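So the sequences go chain by chain: A and B. Start counting the first sequence at 150; every next residue gets the next number (the working numbering). Start counting the second sequence at 150; every next residue gets the next number (the working numbering). Here a beta-carbon is modelled for each residue, glycine too, at the ideal position from N, C-alpha and C. What you are looking at is a predicted structure, and each value in this text was computed from that prediction instead of being measured. See structure below.
2 protein chains.
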Amino acid sequence: MTIRISIDCMGGDHGPAVTVAAAVSFVKRTEDVQMILVGQENIIRSELKKLKFDHHSRFPFISIVHASEVVTMEDPLEVALRRKKDSSMRVAINQIKDEQADVCVSAGNTGALMAISRYVLKTLPNVDRPAICSILPNQKNKPTYMLDLGANVDCEPRHLQQFAIMAAALFSAVEGTAMPTVGLLNVGEEDIKGNDVVKKTAQLLRDEHAKGVINFYGNVEGNDIFAGTTDIVVCDGFVGNVTLKAAEGLGRFVKTVLNAEFKRNFITMLGALIARSALKAVGSRLNPSNYNGGSLLGLRGLVIKSHGGADAYSFEWAIQRAYDAAKNGVLEHIASAMNELVAQPVSESVAGAIDVSSETPLGETGTS
Amino acid sequence: MTIRISIDCMGGDHGPAVTVAAAVSFVKRTEDVQMILVGQENIIRSELKKLKFDHHSRFPFISIVHASEVVTMEDPLEVALRRKKDSSMRVAINQIKDEQADVCVSAGNTGALMAISRYVLKTLPNVDRPAICSILPNQKNKPTYMLDLGANVDCEPRHLQQFAIMAAALFSAVEGTAMPTVGLLNVGEEDIKGNDVVKKTAQLLRDEHAKGVINFYGNVEGNDIFAGTTDIVVCDGFVGNVTLKAAEGLGRFVKTVLNAEFKRNFITMLGALIARSALKAVGSRLNPSNYNGGSLLGLRGLVIKSHGGADAYSFEWAIQRAYDAAKNGVLEHIASAMNELVAQPVSESVAGAIDVSSETPLGETGTS
């Protein structure tokens, strides 16, 4: 099965210089892929020429779709959505709607990408709001899937509940784990900890656990993200965004300090030189580039968001993420998980504000 | 001026073995300090003996106040607050109320420490809720003061406004910067970003800035914490707690990976050995122990919270923090800053979100 990936070539801080190079590199090393490069045709063609790809044996696996406009990082949502109807971002997403592509990758403006994706593709049945799910490395040398990372700054319990179910479907499709563990990000492990939204969400997730829909671990704390306590960490987009960016900031800080100290004098430089394989391994294990590519979950189509500042190496990881998602039928998994949520209608107790009382099958978890 | 510090010797994961050792070490190296060790007298005495401090020339600068009970990490708030009236934590805080101590340090249960401090000391005029403010290292090699770190999981704009003013007073008192910059933690820099609470808070802080009360920088993002973009970062206790713990978790993760890679083979071990001064410098610059000691702000007395798992080195940093706070008249600075807030009533434009009713008794806003 050939995976067709549409690339918003004009998005991101570096545009085609990065996106086209990454697409070419990916298509060279991947058999069953067809790339649709969307953007200003002459620029894309000249990038391909620069890369000497126009005579490559894999060249036929790339096609170009022209789009005359570009959504910039500064464009307000209305402009991106209503005025720039021929933007590379919009046209790339249209490829999915028109069934020309299985998945789309963009490094453009997150807000615009979410808004256009939502407008063009619509949300899946039973999804109130799409969310952005990214992968972080953890101490167990496994991935931690975390969402939402910024699409929803205010969440109600049922949104977080939906995020949990979608992320579980994503994780099991991509990682092959039948029932991945789900943790709810909180300020403590105990049930009494946290604000109102989190406490109510925990109750909803306990209900889903009881029904066998998800494998709810319970509350997790900030340190559990990198400890790998659970496969999935659910939080609202405000907390998720701040935490992710704080982690990136701390990572940069550590790197700066390490570099500065190793360059302090001849001896330390020598040590670093001798130990360079170790330092390289550390760098590669913690390199955020290897975790580039957030999935927009809850849409009727697969869209992957790359970091805006991604280089070609990093953007290629986002393409890999897109390829894996399409290959593993992530969309179908999520749609079916959300359908089951419909089939098992939200009990009265859960609908409003939770009052897990008598009729909930798993009454006893409701207490504590 | 001698600073009198009361120490809750029984608090924390390690109790007197850590707290007494840290107090002794501190008193040995600090001239103008008087330590009040609070806890089970026989245990404290035996620790002092173990440390061979009972014949030391600085021994007279330590006194012991017996307390028969201990607040455990598992104690519910009611137990800590209502039942254990002779706990080392309570008695240590009482020392401030009774004007026997200028500042108190405890590594005990955060919730209990906040509740007891609030009950015994009361909040300062015009403070609705106390907050916990900690120091983090940043890339500029300066401290970032961040609050709230867990005392208030739900905040209204006026609470965050108060946190900002208190932190600015703390920062200028301890660091000697007249008008430290204040950043509001958000998911983006633009004014339109964020949830309702953050947007309303930004307006309040802009008003305070216009009045010359604080130096409001604007919104900051997660990465700005470690970049050192502003001196102070304000957020609610949920976001602050999660972010801080995530940073700790990432720090541990990086350390584990570094250690593992350097120990991988003889060559890398040799490199690490040669570069050990660099690694040590990195470790010391990023060592969370050096940043131990969160200030409980907004009380009519100075209370410093140490990490529960602190070792003696780390606990001594919390004592240092306490000493510095008292020495620099932090309490007076904060009280006077909050008094000015009364003197300059909140403008109509923001009154909706606000209602800083001066008559609100400092009672019922539970932190849970």
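In terms of beta-carbon proximity, B/C253 stays away from the interface with chain A, with every pair separated by 9 angstroms or more. Against chain A, the beta carbon of B/E410 has neighbours under 7 angstroms at A427, A430, V431, listed in chain order. For the region 377-396 of chain A, the residues whose beta carbon sits under 8 angstroms from a beta carbon of chain B are, in order, C384, G386, F387, V388, N390, V391, T392, L393, K394, A395, A396.
Annotated as distal: B/K394 and A/E465, with beta-carbon spacing of 9 angstroms or more. Using a Cβ-Cβ cut-off of 9 angstroms, A/I192 does not count as an interface residue toward chain B, since no Cβ of chain B sits closer than that to its own. Distance from B/V331 to B/N364 at the Cβ level is roughly 6 angstroms; contact confirmed, criterion being Cβ atoms closer than 8 angstroms. Pairing B/F320 with B/Y294, the inter-Cα distance amounts to about 7 angstroms. Inclusion of A/A280 and A/G447 in the CB contact set at 9 angstroms is warranted, their separation being smaller than that value. Burial is judged here by how many other beta carbons sit within 10 angstroms of a residue's own beta carbon; A/H456 has at least 16 and is buried. Annotation: Cβ neighbours of A/Q288 in chain B (cutoff 9 angstroms, chain order): G398, R401, F402, T405, V406.
Comparing alpha-carbon positions, the option among B/A486, B/L407, B/C253 lying closest to A/K429 turns out to be B/L407. When the five nearest sequence neighbours on each side are left out, the beta carbons in the same chain lying within less than 6 angstroms of the beta carbon of A/M184 are those of I154, A172, V176, I211, in order along the chain. Of B/A166, B/I453, B/H482, the smallest CA-CA separation from B/S255 is found for B/I453.
Per DSSP, reduced to three states, the secondary structure at A/L200 is coil, with no helix or strand assignment. For the region 299-310 of chain B, the set of positions with a beta-carbon nearer than 9 angstroms to some beta-carbon of chain A reads G299, V302, D303 in chain order. Beta-carbon to beta-carbon, B/L451 and B/L480 are separated by about 5 angstroms, close enough to satisfy the 8 angstroms threshold. With the criterion set as a beta carbon lying under 9 angstroms from some beta carbon of chain A, the members of the region 320-339 of chain B are L334, N335, V336, G337, in sequence order.
Residue environment analysis places B/A300 among the buried positions, since at least 16 neighbouring C-beta atoms fall within 10 angstroms of its C-beta. Taking a C-beta distance under 9 angstroms as the contact criterion, A/E410 and B/V403 do not qualify as a contact pair. For A/A216, the nearest beta carbon of chain B is not closer than 9 angstroms to its own beta carbon.
Within 7 angstroms of the CB of A/R413, the CB atoms of chain B belong to A427, in sequence order along the chain.
Annotation for A/K271: L448, R449 place their beta carbon closer than 8 angstroms to its own, counting only its chain and skipping 5 residues before and after. The continuous alpha helix (DSSP H) containing A/K177 extends over residues 165-178. Taking C-beta separations shorter than 6 angstroms and ignoring five residues to either side along the sequence, the partners of A/A316 in its chain run C282, Y294, L296, I381, following chain order. Non-local C-beta neighbours of A/V383 in its own chain, meaning closer than 6 angstroms and more than five positions away in sequence, comprise L309, F312, A313, L333, ordered along the chain. Beyond the five residues adjoining it in sequence on each side, A/H358 comes within less than 6 angstroms, by CB distance, of F365 in the same chain, given in chain order. The alpha helix (DSSP H) runs lying completely inside the region 313-354 of chain B and spanning 4 residues or more number zero. Counting of Cβ neighbours within 10 angstroms places A/L422 among the exposed residues, the total staying below 16. Residue ranges of uninterrupted beta strand (DSSP E) with 3 or more members, entirely inside the region 221-291 of chain B and ordered along the chain, are 252-255, 280-286. Using a Cβ-Cβ cut-off of 9 angstroms, A/L445 does not count as an interface residue toward chain B, since no Cβ of chain B sits closer than that to its own.
Neighbours of B/T417 in chain A, taken as residues whose beta carbon is under 7 angstroms from its own, are A424, S426, A427 in chain order. Residues of chain A with a Cβ closer than 8 angstroms to the Cβ of B/D345 are, in chain order, D303. In this structure, the alpha-carbon of A/G398 lies about 20 angstroms from that of A/G161.
The three-state secondary structure of B/I381, taken from DSSP, is strand. For A/N436, no Cβ of chain B is located within less than 9 angstroms of the residue's own Cβ.
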